[in-house]
Structures are given as C-alpha cells and as structure tokens.
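In our numbering, the protein residues as written are 282 to 702.
Every residue gets a Cβ at the ideal spot worked out from N, C-alpha and C, and that includes glycine.
Treat the numbers as computed from the prediction; the structure is a model and nothing was measured.
These notes are about the structure you will find just below.
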C-alpha cells in the first residue's frame, strides 16, 4: 500500500475532528501542551472499536471486569491494566433531582458503571483512573506528572484518536479551614486501642449534592452531570486507596433550583448545608455529605469542611468546582476536604509524602500535582480510627447483586456460562 495514500484519509479525518465545536472548545481550554494518541485495547477479539462495554443476551450492557490498554506518547510507551471499580456505588444508590417549582424526582435507573482504576506496568509508583462509557477519558499519575486523556467527539474511525495532555493549571488550593483542632463529637461505638487499623479495609459512604449554579455551568443533561460527578469521586477514591480506604457514593442530589441559601461567605454556606443535611439527608445511612458548587465565594475560597466529624451528621464539606472540563481538579479538592472530616489538618513544612511534595493536605498549593497524603495526615487519620471515632468506616457498602446462570458477566463474576443445559 502507498503510505501517502494511507495517511491522507487519516489526517483528513483528524482535521475534521479538530474542527468539531466541542473539541475546539476543549483544545482552547487546555492550551498547547497536548498530543494526539491512539489508545489500543489489548484483547482477544480484533476488529472491534475501543470499548469496555459488553452486550448481553437480554439487551443490557455491562463492562469488562478487567482489560488492558497500550498508549504510545512522545515520551512513553504505556501498558495499563484496568480493573472495574465495583465498590464505587451500590445497587441501593439513591438519586434525586430537584426541578424548579416542583417536588423532587427520584431516578430509578442506576448509572452505567464504566469507572476503572489502573496500574501502569514497569512504573510501580504510577496509578491511573478512567471513565470508559464513551472512549477512554482519564488521568494518569506518572513520575510527578499528571497526564490527562480525553476522547475527541464526533469520531467514527477505527483509530479512535484521543487528546493526551500535561495538566499545567497553576491555581492554588485555597481551603477555608483554619488550623485548629475542634473537639470531635463522641462516636465511641467501637474502639481499636490494640488493633492495627492500617491493614483493615475501610469504606467512606458519601452523599453528594450538585447545586444549581454548577448544574447550569455543566450545560449537560442530568444523567451526564451525575456521570461526571461519579467520575470525580472515582479519582478521589484512587487517592485514598493507598490507605486501604475506598469511597462509595450512596446518595446523589442534583439541584436545578437551589434548596438552601447560598451565601458568598463559604463558612455560612457550609453551615446552611449542614442544617440541610440534618433536615433532609440524615435519614440515609452515610458517613459524610459534600456539596459541589459552581458559585464564587469571597476570598476565592475553594473548599471548607468540618474537622474530625466522620460518622456524624456534622461530617459535611463544600467544594467549589473550578473546572467542569477536568473532574480530577474536583477530586483533589474533595479528597482534601474528606481528609478534614477524617481528622486531618493542613500539613506543615515538616510533613512529607511518599511521592514528593506537595501533599494532599497542604494548603495554598498548586493542587493538580497532589497525589498522596503525608505521614502527618496518615498518623492523624489512624489516630481517629484507633480512638473509635470512625467505626462506621468498617461497614462495607451493599454491592450490586450478581446472578449466576443469567448469561451476564456481572461484578464480581469472572465468568457466567448461562443456565445449565
């Protein structure tokens, strides 16, 4: 085959993709530090498009429990092994939409679980997470770099080009928490004075609320807003995994009309949200509740949370979403604020983390590079657990129920051959 003849349609198709309005907006937003890559899915079947989705005999869709990707960049040849995050949300997930001038509407259909965590071969300190419902969108933490992968919209080729770019946002994390220790509400259901809780699996079940300003900024459907929110939680979950801690979202509210007064003073808004949780959400079994907002707060504050309150009705936080294009920026703020709920204070200059500074709980930092908790934060977290204040974290969320013999490969099944003949 003439190589030039092969390249002409490829570059012509790529040029059309780059002219797509959504792709142009994305590229304008990102700047110039990107390249075009073609992820390859390593699988037994050839000739299929890049996808983790599996169609089943009853017409439903599920996603592969495990799969692998190969991505070649200017600097790296990356082999990534992906595993479906089956703990991210349970079959009992509660979803409410608050319409304007109307009662709340309950969504019965569960979100599609196409959220993955990944390891990078030959890079033991690297980690990654992906959303694969439409192409491969994700984040790769590699050698103190943050690489973001984003599919190009409007693509119908077998190559399936994606944007890969180095995240370079220099904005500082401006947390409104002051550096003082509040006395935690007593929650001495169970204490572990002699037990090493480091090795025990822990689960943080959270409620997430999306306010009206953020919903309007997204300019997406409710289903897409929920998917993007869960994507951010999946990234935050990745950050907590080295602590043997998982985050599971068990309750979601989307406000098309705000259900409380949103003050420009972030502390007042947090107090209003705490009152709202006590009035409306506490009937749900949760460990913490967080409000994601698109509002601008005085002093450019981006987050605030009640310190050392996990497993109580006061375990609340408020995050400003600074970039709807980049869910991982939300995830780092969210991880920081959940850290406060767990008893972690802001890191001081003598606190170091394994992957190098800055650490997650450092304030006023270029937070896009934060991927790990410091030894100081870990020590405070496990002190909270050993004193019994986090007993609720040892309750495993209710997972999706798999049915053996229904010809559907469901989490956590490795195979399902259908009914016996």
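For the set 314, 659, 446 and 332, the Cα lying nearest the Cα of residue 363 is the one of 332.
In the DSSP assignment, residue 517 falls within the unbroken alpha helix (DSSP H) covering 503–521. Taking the Cα of residue 651 as reference, the smallest distance to any Cα among 541, 625 and 612 is reached at 612. Note that the C-beta distance between residue 369 and residue 529 is below 9 Å. Contact check between the segment 572–580 and the segment 484–491: three or more CB pairs, one atom from each, fall below 8 Å, which counts as touching.
Here residue 596 carries a coil assignment [DSSP, helix/strand/coil]. Ranked by how close their Cα comes to the Cα of residue 379, the residues 673, 415 and 561 have 561 in first place.
Nearest to residue 618 by alpha-carbon distance, out of 520, 579 and 507, is 520.
The Cβ atoms of residue 671 and residue 537 do not sit closer than 9 Å to each other.
Contiguous beta strand (DSSP E) elements confined to the segment 521–571 occur at 526–536, taking only those with 3 or more residues.
Inclusion of residue 423 and residue 401 in the CB contact set at 9 Å is warranted, their separation being smaller than that value.
For residue 672, there is no enclosing alpha helix (DSSP H), since its DSSP letter is neither H nor E.
As DSSP reads the structure, residue 399 sits in a beta bridge with 363 and 409. When the Cα atoms are used, residue 674 and residue 355 turn out to be separated by approximately 43 Å.
Assigned with DSSP and collapsed to three states, residue 424 falls in coil, not helix or strand. Scanning its chain for C-beta atoms nearer than 7 Å, with the 5 sequence neighbours on each side dropped, one finds around residue 426 the residues 447, in chain order. A contact between stretches requires three or more CB pairs, one per stretch, nearer than 8 Å, and the segment 408–418 meets this requirement with the segment 499–516.
Secondary structure note for residue 322: its beta strand (DSSP E) is the uninterrupted segment 321–323. Residue burial annotation: residue 416 is buried, with at least 16 other C-beta atoms found within 10 angstroms of its C-beta.
Beta-bridge annotation (DSSP): residue 430 is paired with 419 and 445.
Nearest to residue 607 by C-alpha distance, out of 581, 668, 445 and 621, is 445. Residue nearest to residue 664 within the set 553, 620, 396 and 455 is 620 (criterion: CA-CA distance). Here the alpha carbons of residue 394 and residue 623 stand approximately 27 Å from one another. Within the segment 582–631, the runs of alpha helix (DSSP H) that reach at least 4 residues and sit entirely inside it are, in chain order, 608–622. In the structure shown, residue 487 adopts extended strand secondary structure according to DSSP, grouped into three states. A direct Cα-to-Cα measurement between residue 554 and residue 564 gives close to 15 Å. Under DSSP, residue 655 forms a beta bridge with 634.
Judged by DSSP secondary structure, residue 343 falls outside any alpha helix (DSSP H) and instead within the beta strand (DSSP E) spanning 342–344. Contact check for residue 495 and residue 550: beta-carbon distance about 13 Å, past the 8 Å limit, so the pair fails to qualify.
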